[in-house]
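Chemist:
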Amino acid sequence: LHDLELIQVGKTYEDGTVAVADFDLSVEKGEFVAFLGPSGCGKTTTLRMIAGFETITHGDILIKGRNVSELPPERRPTSMIFQNYALFPHMNVRQNVEYGLAVRGIGKAERRQRAGRILEKLGLSALADKRADRLSGGQRQRIALARGLVVEPDILLLDEPLGALDANLRRVIQNELKLLQKELGITFVFVTHAQSEALGLSDRVVVMSNGKVEQISAPRELYTRP
Ligand code: ADP
Ligand code: ADP
Numbered sequence: 005l006h007d008l009e010l011i012q013v014g015k016t017y018e019d020g021t022v023a024v025a026d027f028d029l030s031v032e033k034g035e036f037v038a039f040l041g042p043s044g045c046g047k048t049t050t051l052r053m054i055a056g057f058e059t060i061t062h063g064d065i066l067i068k069g070r071n072v073s074e075l076p077p078e079r080r081p082t083s084m085i086f087q088n089y090a091l092f093p094h095m096n097v098r099q100n101v102e103y104g105l106a107v108r109g110i111g112k113a114e115r116r117q118r119a120g121r122i123l124e125k126l127g128l129s130a131l132a133d134k135r136a137d138r139l140s141g142g143q144r145q146r147i148a149l150a151r152g153l154v155v156e157p158d159i160l161l162l163d164e165p166l167g168a169l170d171a172n173l174r175r176v177i178q179n180e181l182k183l184l185q186k187e188l189g190i191t192f193v194f195v196t197h198a199q200s201e202a203l204g205l206s207d208r209v210v211v212m213s214n215g216k217v218e219q220i221s222a223p224r225e226l227y228t229r230p
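Residue numbers (the numbering used here): 5 to 230.
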C-alpha cells in the first residue's frame, strides 16, 4: 500500500485557471519527495489538495488507501509547514505546539506531555515559555516543525519552509530536516523553486511546469536522459 497516491489529479479554480492537470504520483512510506518548479506552476495547489485544504476538481488523492476528500480535518494524517511559519504570535511556544492537539480533541495532560516530548527531541525545550513573536526566524521555523510533528502525521507537507531564511540558516535547517526525516522515517513532501534544495534533500524530484508533471527522477538522474 502506498503512503500517498495522486491519480490523474487536477485543479481548476473558479475563475477558470487550470492550476494542476493530470498529476500522477505514488510515494512510498519514508520517502522524501520534492516538487520543483517556477512560481505559478501548481506546487502549492497540489500540496494544499494533499492537505485537504483545497477541493480536488479531477481525480483522487489517497493516503494509505483512504480518499483525502472523505477524511474530516481532525482525522487527516498530514501536517503542513509554511514559509511564513504561521505561528500564533501572542501564544508561547508550548501553546503553539499544543494547539494542533487541542483541535484533535486531546486532553490537557496528554497535550503537555506530547508537546514537551517533541520540543525535547528537537532541542527546543528552553524556548517553551517564550512568546512566538520573540523568536528569530530560524527558531520560528523549528517551532513550526515541532507543531507539525506533535500530531504524529504520516506525511509532513512543507511549503517553501526555508524561503524566508537567510542563506546560512537555510543550509543549517536543510541539514536538520534531512536528518530528522531519516530518523522519523515518515514521508516528507517538500515544495520549492530552488533546485539546490530539491537536489540536496529529496529521494525523488517531481519537476513541474504549467500545472503538469514534466519528469520524476532521483536527484542524480535529473539531468540524464532516461
Ligand atoms: P506555485 O506554488 O507553483 O507557485 P500555485 O499552486 O500557487 O503555484 O498556483 C498555480 C496557478 O494557480 C497559478 O496560475 C496561480 O495564479 C493560480 N492560483 C492559485 N491560487 C488561486 C486561486 N485561489 N484562484 C485562482 N487562481 C489561483
Ligand atoms: P534569524 O536570522 O535567526 O532569523 P532574527 O534577526 O530574526 O534572527 O533575530 C535575531 C535575534 O533576535 C534572535 O536571537 C532572536 O531571538 C532575537 N529576537 C528576534 N525578534 C525579537 C523580539 N521581537 N524580541 C526579542 N528578541 C527578538
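Just so you know, even glycine gets a beta-carbon here, dropped at the ideal spot from N, CA and C.
(1) Give me the Cβ distance between Met212 and Leu40, rounded to the nearest whole Å; I'm assuming they're in contact under 8 Å.
(2) What residue from Leu188, Ile159, Ser140 has the CA that sits closest to Asp170's CA?
(3) Would you call the CB atoms of Lys112 and Met53 closer than 8 Å?
(4) On a Cα-Cα basis, can you pick out the residue from Glu218, Thr196, Val217 that is closest to Ser43?
(5) Tell me whether the beta-carbon of Ile190 lies closer than 8 Å to the beta-carbon of Asp158.
(6) First and last residue of the alpha helix (DSSP H) that includes Glu252?
(7) Just to confirm the assignment: which complete alpha helix (DSSP H) runs, minimum length 4, are found wholly within the stretch 82–110?
(8) Comparing the C-beta of Phe39 with each C-beta of chain C, is any distance below 8 Å?
(9) Who's in the neighbourhood of ligand 1, going by beta-carbon under 6 Å from any heavy atom, listed in chain order?
(10) Give the secondary structure of Ala55 by DSSP, where H, G and I count as helix, E and B as strand, and everything else as coil.
(11) By the 10 Å Cβ neighbour count, where 16 or more other Cβ atoms means buried, how is Asn172 classified, buried or exposed?
(12) For Pro77, count neighbouring Cβ atoms within 10 angstroms of its own Cβ and tell me buried if that reaches 16, exposed if not.
(13) Between the C-alpha atoms of Thr21 and Cys45, what's the straight-line distance to the nearest angstrom?
(14) Let's see if you can read the secondary structure: which residues bound the beta strand (DSSP E) around Glu114?
(15) Report yes or no: do the stretch 95–115 and the stretch 54–65 share at least 3 C-beta pairs separated by less than 8 Å?
(16) Looking at the unbroken alpha helix (DSSP H) that takes in Arg202, where does it start and where does it end?
(17) Identify which residue in Tyr227, Gly152, Glu9 has its Cα closest to the Cα of Met84.
(18) Helix, strand or coil for Leu188, going by three-state DSSP, please let me know.
Modeler: Quick look at the numbers:
(1) Along the sequence shown, read from residue 1 onward, the residue named residue 212 stands at position 208. Along the sequence shown, read from residue 1 onward, the residue named residue 40 stands at position 36. At roughly 7 Å, the Cβ-Cβ gap stays under 8 Å, so Met212 and Leu40 are in contact.
(2) As a first step, residue 170 must be located in the sequence shown, where it is residue number 166. Considering only alpha carbons, the answer is Ser140.
(3) Reading the sequence shown from its first residue, position 108 is the one you call residue 112. Reading the sequence shown from its first residue, position 49 is the one you call residue 53. Cβ distance not < 8 Å, so Lys112 and Met53 don't count as in contact.
(4) On the sequence shown, position 39 is the one that residue 43 refers to. Nearest C-alpha to Ser43: Thr196.
(5) Locating residue 190 in the sequence shown gives position 186, counting from the first residue. Locating residue 158 in the sequence shown gives position 154, counting from the first residue. Yes, these two residues count as a Cβ contact at 8 Å.
(6) The requested residue 252 does not occur in the structure, where the chain is confined to residues 5 to 230.
(7) 97–107
(8) Absent from the structure is chain C; it holds one protein chain and no more.
(9) Tyr17, Asp19, Thr21, Ala23, Gly41, Ser43, Gly44, Cys45, Gly46, Lys47, Thr48, Thr49
(10) To locate residue 55, count along the sequence shown from 1; it is residue 51. Correct three-state label for Ala55: helix.
(11) Residue mapping note: residue 172 aligns to position 168 of the sequence shown, counting from 1. Counting Cβ neighbours within 10 Å, Asn172 comes out exposed, since fewer than 16 surround it.
(12) The residue you call residue 77 lines up with position 73 of the sequence shown. Result: exposed.
(13) Position 17 of the sequence shown, counting from 1, holds the residue named residue 21. Position 41 of the sequence shown, counting from 1, holds the residue named residue 45. In a straight line, the C-alpha of Thr21 is about 11 Å away from that of Cys45.
(14) Within the sequence shown, the letter at position 110 stands for residue 114. Per DSSP, Glu114 belongs to no beta strand (DSSP E); it is in the alpha helix (DSSP H), 112–125.
(15) no
(16) Along the sequence shown, read from residue 1 onward, the residue named residue 202 stands at position 198. Checking the sequence, you will find Ala at residue 202 rather than Arg. Its alpha helix (DSSP H) spans residues 199–205.
(17) Position 80 of the sequence shown, counting from 1, holds the residue named residue 84. Taking only the C-alpha atoms, the option nearest Met84 is Gly152.
(18) For the purposes of this step, residue 188 is taken as the residue at position 184 of the sequence shown. In the structure shown, Leu188 sits in a helix (DSSP, three-state: H, G or I).
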